[in-house]
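Asker:
Residue numbers (full-length UniProt numbering): 1 to 797.
Quick look at the structure:
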């Protein structure tokens, strides 16, 4: 089977080779559990451990151990006997100090591991039982020096206030460096990338709370906090976001160290002490001569037992450098994108400064030198290739994409729908006549693309009034439309979610939303892109991808492509179900799909109803392609991390096999299942940069590689025979991120070039855009379904 020859290109990466590994002297590592109970703040645990090693017991810890920030330490020599050891550590040298000692217990765990031998086998493609442990040890060695210098870090990244974006609101943005040690063919590498941390802004707590509850406002009124009451949404949100946040208490005669907030109460200054019934306002006035400015503002609970300890918010200050670990607040999203986006050259330059300077300390780290680990500071260069784009058919004309996009001017949809049975809703402040003029121009654009058009069923837009959304829904329903065209305010995520849920999950009416800022300057290209979305929602087909899979006999036997994903509720929400979505094609062009959605236990990544969902997909495919019941399946799975590969192999692949056995049972023949199962990963940090000598045709206007870059050597996983990175979309802003394709099962025995071309072509069949997307279309559709059903659950329950 012949494909167009891909053009070879040199590629620079953000991976750095580990030049030397632990030698004979330091190849054995001993694992110890420590910190019982575990210290919640990793940087505090690191301080106590370092104090023990450098001040209290330097002769015992030579060389110093490495620490994962939680409870695990590793030493390159055996420190104690089988019984381990315990040390009580105080940071203060004052024997009369009232501070409690922290018990650091070194409890031996398992047998020592020969890191050098394990790593040598792993980089040669072998799967070793202690592989993860060996990689974790190297990871700890590499990151030990940076986390000792910076107190703000998480499992993979270290952050600094240098170059921070102070927003003026409740959260600031800090830059950091992500580091991940991983195996590659023939060597170990360190993947280094730029990361962004959202941190609690260093403010007085009442000012912080006012900023949090009034996002985007430059002037906030602290006195508004006096009206906070339990049960109200604002109080709940504030309580949730502040729980566990460390604050410092500032009183006129003493300043205390940072401690975590347990809870909050309303009117903190009016709180009465249990012992004498005296209010906090009275206590501070009498003891310190301090009169609270905002006694009716909230207070923080720092301890519940044996008695409750409460402080008024105005004397509390946010301890700097604390990471906000929940979902990015909507008002901050654009700011985060602007702050984190860097063009390829700038991003690589920042990475190299971090490696070559003092921040990551690769050249100065005592921990690296003690373990004989050396990291090359020159980025790894690999050989990539540029896949030619497929031809896109519109009507009787073929279009050739350029840099991942194409123009619809002068084109016709292959199967145009009818834009003649719709209503217009206006939730914005745009005048009705302006909205209807926009709709008129949009309809003319739809007609140019071949769609039958008519005026909307309502002469003036339906508007939102004091009677609320239900009145709008009722008025729309009277017209019995096949589509709702809605104009929304520029920032109206909740309203858009409500409209989508009502239309597309409750009553089965497709909706098309338009932001009001697009109404006044909507050009021809915008209207055509909108028409693409409308046509697919009215059962039309926009285009077809013409690719070599059709021309080289590959499609002689029918093929069903599947996209699957599982979506979970936001961070910290554990009482809402996870949503599994499976989307399966049923036509030769991979442009038409059936959908199956299932609810499952919260935080469950495996698709528990996969047998039933795939059985439905197989039956639907057969119904649309009778009498053909012999077909192959290529299954693209999103949302699976490297640590979950074994789970999907053990559960999801057998579930699909079981579905096939049920499906094929009624037929006379019993053909075996031909399944190719591919994980598509987006949450990785490998990046690709065009070097100076790259051909100009391989670079787009954003200075990223143009769509079609494939890397299948140098930085791939050596333990999996078929895996590759594909950058299938054009760059828009910042540095483009490729997707990582990992083949975990392949009955079809597809060669890697077929998989690469097929994946790239499927990124061109997403019907709602005139550009290629970053993941195959069926995966994209599965993600869209999860958004809709998750929104429906949020609104219903």
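Every residue gets a Cβ at the ideal spot worked out from N, C-alpha and C, and that includes glycine.
Pick out the complete beta strand (DSSP E) segments inside the region 465 to 497, 3 residues or longer, and give them in chain order.
Answerer: 483 to 488
Asker: Tell me which residues share the same chain as residue 114 and place their Cβ nearer than 7 angstroms to its Cβ, disregarding the 5 neighbours each side in the sequence.
Answerer: 27 and 28
Asker: Kindly indicate which three-state DSSP category residue 427 falls into: helix, strand or coil?
Answerer: coil
Asker: Check each candidate in 46, 25 and 506 and name the one with the smallest Cα separation from residue 76.
Answerer: 25
Asker: Tell me whether the region 749 to 769 and the region 421 to 435 touch, counting them as touching only if at least three CB pairs, one residue from each stretch, are closer than 8 angstroms.
Answerer: no
Asker: Please give me, in chain order, every unbroken run of the beta strand (DSSP E) with length at least 3 that falls completely inside the region 302 to 379.
Answerer: 309 to 312 and 316 to 318
Asker: Whose C-alpha, out of 216, 241 and 354, is nearest the C-alpha of residue 335?
Answerer: 216
Asker: When burial is assigned at 16 or more other CB atoms within 10 Å of the CB, is residue 670 buried or exposed?
Answerer: Residue environment: residue 670 is assigned as exposed (fewer than 16 neighbouring CB atoms within 10 Å of its CB, all protein chains considered).
Asker: Quick one: using the 10 Å Cβ neighbour count with 16 as the cut-off for buried, is residue 390 buried or exposed?
Answerer: buried
Asker: With DSSP run on the structure shown, which of helix, strand or coil describes residue 613?
Answerer: Reduced to three states, the DSSP call for residue 613 is helix.
Asker: If you count every other CB in all the chains shown that lies within 10 Å of the CB of residue 1, and 16 or more means buried, which is it?
Answerer: Its pLDDT being 48, under 50, residue 1 is placed unreliably in this model, and the value from its coordinates should be taken loosely. So residue 1 counts as exposed.
Asker: Whether or not the region 282 to 293 and the region 532 to 541 are in contact is what I'm after, with contact meaning three or more pairs of Cβ atoms, one per stretch, closer than 8 angstroms; do they touch?
Answerer: no
Asker: Give me the residue from 197, 134 and 165 with the minimum Cα distance to residue 158.
Answerer: Ranking 197, 134 and 165 by CA distance to the CA of residue 158 puts 197 first.
Asker: Give the straight-line distance between the Cα atoms of residue 572 and residue 452, rounded to the nearest whole angstrom.
Answerer: Rounded to whole angstroms, residue 572 to residue 452 spans 48 angstroms at the Cα level.
Asker: In three-state terms, what does DSSP make of residue 16?
Answerer: strand
Asker: Using the Cβ count rule (16 or more neighbours within 10 Å means buried), how would you classify residue 726?
Answerer: buried
Asker: With residue 810 and residue 782 assumed to form a contact (beta carbons below 8 angstroms), what rounded beta-carbon distance in angstroms separates them?
Answerer: With the chain covering 1 to 797 only, the question about residue 810 has no answer from this structure.
Asker: Give the straight-line distance between the Cα atoms of residue 161 and residue 646, rounded to the nearest whole angstrom.
Answerer: 39 angstroms
Asker: Tell me whether the region 81 to 100 and the region 64 to 71 touch, counting them as touching only if at least three CB pairs, one residue from each stretch, are closer than 8 angstroms.
Answerer: no
Asker: Are the region 193 to 209 and the region 308 to 317 touching, with three or more C-beta to C-beta distances below 8 angstroms?
Answerer: yes
Asker: Does the beta-carbon distance from residue 562 to residue 617 come in below 8 angstroms?
Answerer: yes
Asker: Let me confirm a value: residue 586 is counted as buried when at least 16 other C-beta atoms fall within 10 Å, else exposed. Which label applies?
Answerer: Counting Cβ neighbours within 10 Å, residue 586 comes out buried, since at least 16 surround it.
Asker: Just to confirm before moving on: does the CB-CB distance between residue 271 and residue 299 stay below 8 angstroms?
Answerer: yes
Asker: Is residue 108 helix, strand or coil by DSSP?
Answerer: strand
Asker: Considering only the alpha carbon of each residue, which of 648, 424, 791 and 524 lies closest to residue 478?
Answerer: It is 424 whose Cα lies nearest to the Cα of residue 478.
Asker: Would you mind giving the Cβ-Cβ distance between residue 615 and residue 663, rounded to the nearest angstrom? I have them listed as a contact below 8 angstroms.
Answerer: Taking the Cβ atoms as the reference, residue 615 lies roughly 6 angstroms from residue 663, within the contact range of under 8 angstroms.
Asker: Using alpha carbons as the reference points, say which of 358, 200, 218 and 744 lies closest to residue 326.
Answerer: It is 200.
Asker: Any idea what DSSP makes of residue 598, helix, strand or coil?
Answerer: strand
Asker: In this structure, what does DSSP give as the bridge partners for residue 463?
Answerer: Paired residues: 426.
Asker: Pick helix, strand or coil for residue 154, following the three-state DSSP scheme.
Answerer: coil
Asker: Which word fits residue 91, buried or exposed, when buried means at least 16 other C-beta atoms lie within 10 angstroms of its C-beta?
Answerer: exposed
Asker: What are the start and end residues of each continuous alpha helix (DSSP H) run of 4 or more residues lying completely inside the region 7 to 87, in chain order?
Answerer: Look at the region 7 to 87 and you find these whole runs of alpha helix (DSSP H), each 4 residues long or longer: 42 to 51.
Asker: Between the C-alpha atoms of residue 241 and residue 332, what's the straight-line distance to the nearest angstrom?
Answerer: 15 angstroms
Asker: Am I right that residue 177 and residue 190 are in contact with their C-beta atoms under 8 angstroms? What's the rounded C-beta distance?
Answerer: 11 angstroms between Cβ atoms; not a contact.
Asker: In angstroms with no decimal places, state the Cα-to-Cα distance between residue 413 and residue 393.
Answerer: 9 angstroms
Asker: What are the uninterrupted segments assigned as beta strand (DSSP E) that are 3 or more residues long and contained completely in the region 738 to 763, given in chain order?
Answerer: 739 to 746
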